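Below: the structure, in structure tokens.
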Amino acid sequence: MEQRIEVGVLGATGMVGQHFVKFLQNHPWFELKWVGASDRSAGKKYGEATSWRLDGVMPENVSGLTVEESKPGNAPRLLFSAMDASVATEIERAFAEAGHVVVSNSRNHRMEPDVPLLVPEINADHLRIVPAQQRRRGWKGQIVTNPNCSTIVLTLGLAPFKQFGIQRVLATTMQAISGAGYPGVASMDINGNVIPFIGGEEEKMQQETQKILGEIGGDEIRHLDARVSAHCNRVPVVDGHMVATSVELRDKPDEAAILEAISNFRGVPQERNLPSAPARPVVYLEQKDRPQPRRDVERERGMTVFIGRLRSCPVLDFKFMALGHNTVRGAAGAAVLNAELMCSEGMLD
Ligand code: NAP
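Residue numbers (this note's numbering): 355 to 703.
Shown next as structure tokens:
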């Protein structure tokens, strides 16, 4: 690309916003030129308004940007959104109405029938719903979303199984504390402990998985007709969501066929060599005690989901463990890959 596309981040001062700032640093296609947040931060320099919580220092080219109000006006056409869910619905809609392409990480619009809930390796074709979204709502712009951070690990882990007919899924998560934002869970609650409740998470995992693994037909996405049950737990791990998964399959493949499907699994981002695409979106680890968050989560820039311990399940057909980076593949990296896919489709021209 000769000239990089100017982009902005809504909610840039928050935890996920900071991950966007970091992930977009030196991006070959996108150049971060605009940052938006609440009225509390607007008018200040990004470096003053933001308590930088990530490893390493705040990128210099961003620290001097003035934080803008989250209102359409002078923002670039392409905006990533990491806004607080309590305000994202109206603000994202206002930007889409004003002609912006809003690539959102917030939960607000994910389950709307005319909004793609994208995992580009799985359902890149769901972008075909966007013209219907624009027609119905009279928007010049659009909203595209990425899934919840545990859903993305589950769906990428399940994606190679889809060809065998997924019928029922049981998924038990061990979710990192970084998934709760900052300051997140109190240290007195999480140290040496497991909290077996994350508000709204199980419902999101169940519904989003069916939408992502569903098929597009005409102007609608038909959800996968499979039953999905999730148990969500917060554990004292910094980064990396684990999902212990059991799956029932219509075609009853053997283990070798599944391992071959995992090994061959690639998607549109790999075919098009998109800048943030990992060489392989799903990698099987042979060692019997892997994947592990501390050892594996940062590999491949946090964009790969690692699977291990595939074995037969006496209740459903097979069980395995999946691991993914919740703030990279589950948040900022997911949204940037979505925008790269849209760019490669000519949707940002
Ligand atoms: P956060 O740290 O609380 O940041 C929220 C951001 O929203 C801040 O930039 C804040 O700006 C801005 N904001 C708040 N009120 C606003 C308003 N009235 N108008 C405009 N901007 C406003 O939250 P987070 O953890 O980054 O999460 C952001 C979103 O990502 C949420 O929807 C969350 O559900 C989703 N998400 C989070 C994770 C995760 O790992 N944390 C993963 C996936 C998805 P100020 O600094 O000015 O207040």
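Each residue gets a CB set at the ideal place from its N, CA and C atoms; glycine is no exception.
None of these values were measured; they are calculated from a predicted model.
Assigned exposure category for residue i - 16 Cβ within 10 Å defines buried
i: Asp393; result: exposed
i: Asn459; result: buried
i: Gly365; result: buried
i: Gly656; result: buried
i: Glu654; result: buried
i: Asp409; result: exposed
i: Asn547; result: exposed
i: Glu475; result: buried
i: Ala610; result: exposed
i: Phe736; result: Because the chain in this structure spans residues 355 to 703, residue 736 falls outside the shown range and cannot be described.
i: Ala439; result: exposed
i: Val591; result: buried
i: Glu444; result: exposed
i: Ser617; result: exposed
i: Ala574; result: Per the sequence presented here, residue 574 reads as Glu, with Ala not at that position. Exposed: under 16 other Cβ atoms inside 10 Å.
i: Pro623; result: buried
i: Arg576; result: exposed
i: Ser424; result: buried
Collapsed DSSP secondary structure at residue i in the structure displayed
i: Arg653; result: helix
i: Tyr536; result: coil
i: Ser417; result: helix
i: Lys575; result: According to the sequence provided, residue 575 is Ile. The question's Lys does not apply to it. Ile575: strand per DSSP, three-state reduction.
i: Thr527; result: strand
i: Gly594; result: coil
i: Lys376; result: helix
i: Gly397; result: coil
i: Phe551; result: coil
i: His480; result: helix
i: Met675; result: strand
i: Lys516; result: helix
i: Val682; result: helix
i: Thr499; result: strand
i: Thr509; result: helix
i: Thr563; result: helix
i: Arg461; result: coil
i: Leu664; result: strand
i: Arg490; result: helix
i: Ala584; result: strand
i: Gly390; result: strand
i: Arg447; result: helix
i: Gly687; result: helix
Beta-carbon separation (whole angstroms), residue i vs residue j, contact threshold 8 Å
i: Leu432; j: Val361; result: 5 Å
i: Val750; j: Val523; result: Any answer about residue 750 is impossible in this case: the structure gives the chain only from 355 up to 703.
i: Phe518; j: Leu613; result: So it is not a contact: roughly 12 Å between Cβ atoms.
i: Met412; j: Gly397; result: With a Cβ gap of about 18 Å, Met412 and Gly397 do not count as contacting.
i: Thr499; j: Val469; result: 6 Å
task: Check whether the segment 532-545 touches the segment 474-492, taking contact to mean three or more Cβ pairs, one atom from each stretch, closer than 8 Å.
output: Touching, no, given that fewer than three Cβ pairs across the two stretches are closer than 8 Å.
field: Touch test, the segment 411-420 against the segment 460-473, Cβ-Cβ under 8 Å, three pairs minimum
entry: The segment 411-420 vs the segment 460-473: no contact.
message: Under 8 Å: do the segment 545-561 and the segment 623-636 share three or more Cβ pairs, one atom per stretch?
response: With a cut-off of 8 Å, the segment 623-636 and the segment 545-561 do not count as touching, because too few Cβ pairs lie within range.
- request: Say whether the segment 674-691 touches the segment 447-456, bearing in mind that this needs 3 or more beta-carbon pairs closer than 8 Å, one atom from each stretch.
  value: As far as the Cβ criterion goes, the segment 674-691 does not touch the segment 447-456, which means the pair count is below three.
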